[in-house]
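Undergrad: In the numbering used here, the protein residues as written are 67 to 190.
Glycine is no exception: its CB is placed at the ideal position from the N, C-alpha and C atoms.
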Ligand code: HEC
Ligand code: HEC
Ligand code: HEC
């Protein structure tokens, strides 16, 4: 019994201490945004992956499964590619809602962060 409790504690501590796994965290996309005068983009991965299957984005929409690997451009989004496949005022709110995507603190670099680090709308 005692060793079981110790084991359970170890498991819980490991789970709490583990760095935010990609699926649960926010992705910051800032290859160009800040250089071109808008705030970095916060993409709440968890929020999306509980609503859609991985393959929707990582196969059908062509998002490579590596942070920073995708050259997402604003004109592509407006034309309905990448984020714009859903953020089109139909499946979800549209590309005119700049601040909902460009919500990152200035200075954030492209990468994965826990929701509390980005000031974004991420829920994880
Ligand atoms: C709504 C679209 C969407 C869905 C659904 C989605 N992802 Fe992602 N995923 C992304 C985007 C966007 C990125 C960031 C790509 C970038 O930075 O260029 C990403 C990044 C990743 C990464 C890279 C993390 C790293 O460390 O480099 C992994 C792994 C990943 N996703 C796995 C998954 C898995 C597994 C699922 C399903 C359970 C999933 N994704 C569902 C859009 C999505
Ligand atoms: C497969 C469809 C799909 C794709 C692709 C997608 N989204 Fe979303 N997104 C949604 C839906 C649906 C919602 C919920 C909209 C609502 O609540 O009205 C949402 C909500 C959001 C939210 C708000 C989350 C919250 O906490 O309310 C942000 C921010 C967001 N998306 C950013 C992005 C960005 C940035 C990309 C591209 C990197 C992207 N999304 C790609 C479907 C998608
Ligand atoms: C659905 C999410 C979303 C919305 C809404 C959105 N953007 Fe973006 N935007 C992105 C993503 C993702 C990138 C790529 C970020 C990066 O890697 O620098 C981007 C990049 C940009 C860039 C960098 C240059 C370029 O062409 O890619 C500018 C400027 C920009 N957006 C302006 C805007 C403006 C202005 C609005 C509102 C009219 C807006 N965005 C709305 C997601 C969004």
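#1: Would you say the stretch 117-135 touches the stretch 102-109, given that touching needs at least three Cβ pairs under 8 Å?
#2: Suppose the cutoff is 8 Å on Cβ atoms and the five residues either side in sequence are ignored; what does the same chain contact list for residue 148 look like?
#3: I think residue 107 touches residue 179, with their Cβ atoms under 8 Å apart; what is that distance to the nearest whole Å?
#4: I'd like the span of the alpha helix (DSSP H) that includes residue 129, first residue to last.
#5: Drop a sphere of 10 angstroms on the beta-carbon of residue 96, count the other beta-carbons inside from all chains shown, and report buried for 16 or more, exposed for fewer.
TA: Put simply:
#1: no
#2: 127, 128, 129, 136, 138, 142
#3: About 12 Å separates the two Cβ atoms, so there is no contact after all.
#4: Residue 129 -> no alpha helix (DSSP H), and no H or E assigned at all.
#5: buried
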